[in-house]
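Per our numbering, the sequence shown starts with residue 181, numbered consecutively. Each residue gets a CB set at the ideal place from its N, CA and C atoms; glycine is no exception. These notes concern the structure reproduced below.
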Amino acid sequence: MNYHIVTYGCQMNLHESEKIAGILRSVGYEKEVPLEEADIIVFNTCCIRENAENHAFGNIGALKKLKRQKKGLIIAVGGCMAQEPGKVKVLQEKFPFIDIIFGTHNLAELASLIERKKSEKRVVSLYEDRRETEDGAQPCRTSYPNAWVNITYGCNNFCTYCIVPYVRGREKSRSAAVILDEVRGLVKEGYKEITLLGQNVNSYRDGDVDFPALLEMVASVEGNFRLRFMTSHPKDFSARLVAVMKKHDKILNLLHLPAQSGSTRILRLMNRRYTREEYLEKVALLKREIPEAEITTDLIVAFPTETEEEFEETLSLVKEADFASAFTFIYSPRTGTEAAKMEGRISDEVAKDRITRLVACVNENTRRKSEKYVGREIEVLCEDFDEKRGLYLGREPLGRMGYFSSDTNCIGEFVRMKVTRANGVSLYGDKIETR
Ligand code: SAH
Ligand code: SF4
Ligand code: F3S
181 MNYHIVTYGC QMNLHESEKI AGILRSVGYE KEVPLEEADI IVFNTCCIRE
231 NAENHAFGNI GALKKLKRQK KGLIIAVGGC MAQEPGKVKV LQEKFPFIDI
281 IFGTHNLAEL ASLIERKKSE KRVVSLYEDR RETEDGAQPC RTSYPNAWVN
331 ITYGCNNFCT YCIVPYVRGR EKSRSAAVIL DEVRGLVKEG YKEITLLGQN
381 VNSYRDGDVD FPALLEMVAS VEGNFRLRFM TSHPKDFSAR LVAVMKKHDK
431 ILNLLHLPAQ SGSTRILRLM NRRYTREEYL EKVALLKREI PEAEITTDLI
481 VAFPTETEEE FEETLSLVKE ADFASAFTFI YSPRTGTEAA KMEGRISDEV
531 AKDRITRLVA CVNENTRRKS EKYVGREIEV LCEDFDEKRG LYLGREPLGR
581 MGYFSSDTNC IGEFVRMKVT RANGVSLYGD KIETR
C-alpha cells in the first residue's frame, strides 16, 4: 500500500505534509508513488487566495474517475481550506467521493480517521482550535539537506485581508526545550540548514524566552549548519534580533520581511501596525549593522481603495528597501475577513496592470543585484540535481540559487563555485571545491 500527497500553500503546509507522510508510514503505507498508483491520496490545501482554492478544486474534481475505477482508493482532504468556515459543506456537495476531511488542528488524528473510514462511509473531523503544541507526528522529511522546524502555530495579527488567523487559530509557541531537542537531533542526522517556521516568528514566547533568545539558543547548537527563520512581522522586528543575527555566523543574513504595501494609508487599512517610514527604519537598522544583509518581501496590489499614487509608493518602496526579491500578489477577497467587507474594490483590469508593473520593477532590482555576483566566488549548500539543466543546484547564504556541474553527487555538501553568469535570482558557474 502506497500514498500520494498533493500540497498547496506555504512552507508551513509543506512541512505539515512531511508530518502527514510520517503518519501514513506509521499505519503501514510504504512510500510516495505517482497519483494514479496510490492507495490513499491526501490533499493538503491552502485558502490564502482564490486561485489556491481553485487549483485544489480542479485537482480534487479530476479524481472522480480514478475513484470510480479503483476500488478501495481513499481520498482525504485536509489543511487550511478544510478548516475554512463553511467549506466542508461545499467540499462534500461538490465532491461526494471524498472519504476523509480533517482540519489544521487535528493532523495527529489522521491515523485514527483512516481506521474509522474502514467502517464509516465518510469521516469528517474538525476542531475549533489547536489543543496542544505537540502533534506527536514524526515527520518523514523530504527536503534534505534542509529541515523545517515549527516554533509557533497560528496567528493573532488579523491583518484585514488575511484568512490565516481563522484557519490556523490563535498563536501558540512550542517549548524552547522541545525545539532545541528537535534541532540537535536534526543536526546529528546530518541536516545542514534549519529553518524555524512561524506566521510571525518575532512574537514567539516560552516563559522568559522570546524570539531573539530562542534564535541565539538554536544558533549555539554545535555542528555545521545554516540557520534561517521566517516569517518576520515588521512591527516586531527588533534591534535585539539584529544583534543576535550579527553575533552568530550560522544565522544567514537573509530576512523575509513582508511589507505588503508602500503606502501608510493602505498599511493602516490592512491593520499592519507600521507606517512606510517605520518599515524603512527597520530595513535601515538591519543594513546599518549588517551591510551585506538581503531582504525579501511579500507585496499586495489592488487592496480596496488603493489609488495609483499609493500603488506607486509600493513601486518606490521596492527601490528604497532594495529588495533582493519579492512575492507579489493581487489582493484576493477572503470571505470572513474585514477587508472583504470594505468598499472600493479595484477592477481586474487595473489590478493586472499594477501587478505587471510591480513584477517588472522587482525583476529589474533582482537582475541588477544578481549581476554583481558575476566573477565572484560563492558557497552554496547543494540541495538537488536539476534533470532538465543537467546541473546541481544550491543556495548561497543570501538566498540566490547557484547552478553548477559536477561528476560526483554533491547533495548535502557545501560547494564553492565561481559565478560566470546571472539570470534573475539564478547564478551559473563552475564548481571549485566541496567542503
Ligand atoms: N505570516 C506571513 C505570511 C502569510 S501569507 C506574514 O505575515 O507575512 C503569505 C502572503 O500572502 C502574505 O504575506 C500576503 O502578502 C499574501 N496574502 C495573504 N492574504 C492575501 C489575500 N487575501 N490576497 C492576496 N494576498 C494575500
Ligand atoms: Fe496573515 Fe497577517 Fe498573520 Fe501574516 S501576520 S498570517 S498576513 S494575519
Ligand atoms: Fe499557508 Fe495557505 Fe494555510 S499560505 S497557512 S497553507 S492558507
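When the options are compared against residue i, the one with the closest alpha-carbon
{"i": "His428", "options": "Asp587, Val222, Ala540 and Arg406", "result": "Arg406"}
{"i": "Ile431", "options": "His285, Pro414, Gly579 and Asp566", "result": "Gly579"}
{"i": "Gly319", "options": "Ala327, Lys245 and Glu312", "result": "The displayed chain sequence assigns Pro, not Gly, to residue 319. Nearest of Ala327, Lys245 and Glu312 to Pro319, Cα basis: Ala327."}
{"i": "Phe223", "options": "Ser418, Val257 and Ile200", "result": "Val257"}
{"i": "Thr284", "options": "Ile278, Val344, Arg596 and Lys372", "result": "Val344"}
{"i": "Gly202", "options": "Ala291, Ala540 and Ser443", "result": "Ala291"}
{"i": "Glu312", "options": "Ala288, Ala419 and Ser305", "result": "Ala288"}
{"i": "Ala357", "options": "Lys415, Glu314 and Val186", "result": "Glu314"}
{"i": "Lys352", "options": "Asp386, Val481 and Lys372", "result": "Asp386"}
{"i": "Val481", "options": "Glu500, Ala464, Ser527 and Glu457", "result": "Ser527"}
{"i": "Thr455", "options": "Ser441, Lys467 and Leu465", "result": "Ser441"}
{"i": "Pro513", "options": "Thr614, Gly266 and Phe483", "result": "Phe483"}
{"i": "Ala439", "options": "Thr600, Phe503, Ile278 and Leu204", "result": "Phe503"}
{"i": "Val422", "options": "Arg448, Asp388, Asn404 and Lys462", "result": "Lys462"}
{"i": "Glu369", "options": "Glu559, Tyr324, Glu198 and Leu395", "result": "Tyr324"}
{"i": "Ser550", "options": "Thr600, Val367, Ala520 and Thr614", "result": "Thr600"}
{"i": "Glu196", "options": "Arg321, Glu300, Lys250 and Gly241", "result": "Arg321"}
{"i": "Arg302", "options": "Ile278, Thr225, Glu308 and Ala317", "result": "Ile278"}
{"i": "Ile280", "options": "Glu493, Ile221, Arg525 and Tyr511", "result": "Ile221"}
Straight-line Cα distance separating residue j from residue i
{"i": "Pro214", "j": "His184", "result": "6 Å"}
{"i": "Tyr572", "j": "Ser606", "result": "12 Å"}
{"i": "Ser412", "j": "Asn382", "result": "6 Å"}
{"i": "Glu474", "j": "Ile200", "result": "33 Å"}
{"i": "Arg575", "j": "Tyr553", "result": "13 Å"}
{"i": "Phe507", "j": "Met261", "result": "21 Å"}
{"i": "Glu518", "j": "Thr340", "result": "5 Å"}
{"i": "Arg596", "j": "Leu561", "result": "9 Å"}
{"i": "Arg547", "j": "Ala540", "result": "10 Å"}
{"i": "Leu434", "j": "Ile470", "result": "10 Å"}
{"i": "Ala393", "j": "Gly365", "result": "20 Å"}
{"i": "Cys190", "j": "Asn451", "result": "22 Å"}
{"i": "Asp564", "j": "Ile591", "result": "6 Å"}
{"i": "Ser305", "j": "Glu230", "result": "24 Å"}
{"i": "Ser355", "j": "Glu362", "result": "11 Å"}
{"i": "Val270", "j": "Glu233", "result": "12 Å"}
{"i": "Gly570", "j": "Met581", "result": "15 Å"}
{"i": "Val268", "j": "Leu243", "result": "18 Å"}
{"i": "Ser586", "j": "Thr187", "result": "31 Å"}
{"i": "Arg537", "j": "Ser443", "result": "16 Å"}
{"i": "Asn404", "j": "Val398", "result": "12 Å"}
{"i": "Phe391", "j": "Val329", "result": "14 Å"}
{"i": "Arg310", "j": "Asn286", "result": "7 Å"}
{"i": "Gly259", "j": "Arg534", "result": "31 Å"}
{"i": "Tyr459", "j": "Val424", "result": "20 Å"}
{"i": "Glu593", "j": "Thr614", "result": "7 Å"}
{"i": "Lys568", "j": "Thr487", "result": "43 Å"}
{"i": "Leu495", "j": "Glu489", "result": "10 Å"}
{"i": "Cys226", "j": "Ala520", "result": "18 Å"}
{"i": "Asn603", "j": "His436", "result": "21 Å"}
{"i": "Gly524", "j": "Ser400", "result": "50 Å"}
{"i": "Gly621", "j": "Gln263", "result": "The structure shown does not extend to residue 621, since the chain is modelled only from 181 through 615, so no value can be given for it."}
{"i": "Leu447", "j": "Lys426", "result": "29 Å"}
{"i": "Asn337", "j": "Phe417", "result": "14 Å"}
Per DSSP, cross-strand counterpart(s) of residue i
{"i": "Tyr333", "result": "Lys352"}
{"i": "Ala602", "result": "Leu607"}
{"i": "Thr322", "result": "DSSP output for Thr322 lists no bridge partner at all."}
{"i": "Asp386", "result": "Val389"}
{"i": "Leu376", "result": "Val329 and Phe409"}
{"i": "Phe223", "result": "Val186 and Val257"}
{"i": "Ser305", "result": "Phe282"}
{"i": "Thr614", "result": "Val595"}
Below-8 Å beta-carbon distance, residue i vs any chain D residue
{"i": "His184", "result": "Absence of chain D from the displayed structure is noted, only one protein chain being present."}
Cβ contact (3+ pairs, closer than 8 Å) linking the segment 295-306 and the segment 366-386: no
Stretch-stretch touch, CB-based, cutoff 8 Å, three pairs: the segment 325-335 with the segment 345-361: Taking a contact to require three or more Cβ pairs closer than 8 Å, the segment 325-335 and the segment 345-361 qualify as touching.
Alpha helix (DSSP H) segments (min. 4 residues) lying fully within the segment 243-283: 244-249, 260-263 and 267-274
Start-end ranges of the beta strand (DSSP E) lying completely within the segment 390-449, minimum 3 residues: 406-410 and 434-436
Contact between the segment 219-237 and the segment 259-279 (3+ Cβ pairs under 8 Å): Short answer: they touch.
4 or more residues per run - each alpha helix (DSSP H) lying fully within the segment 515-598: 528-551
Inside the segment 444-510 only - alpha helix (DSSP H) runs reaching at least 4 residues: 444-449, 456-469 and 488-501
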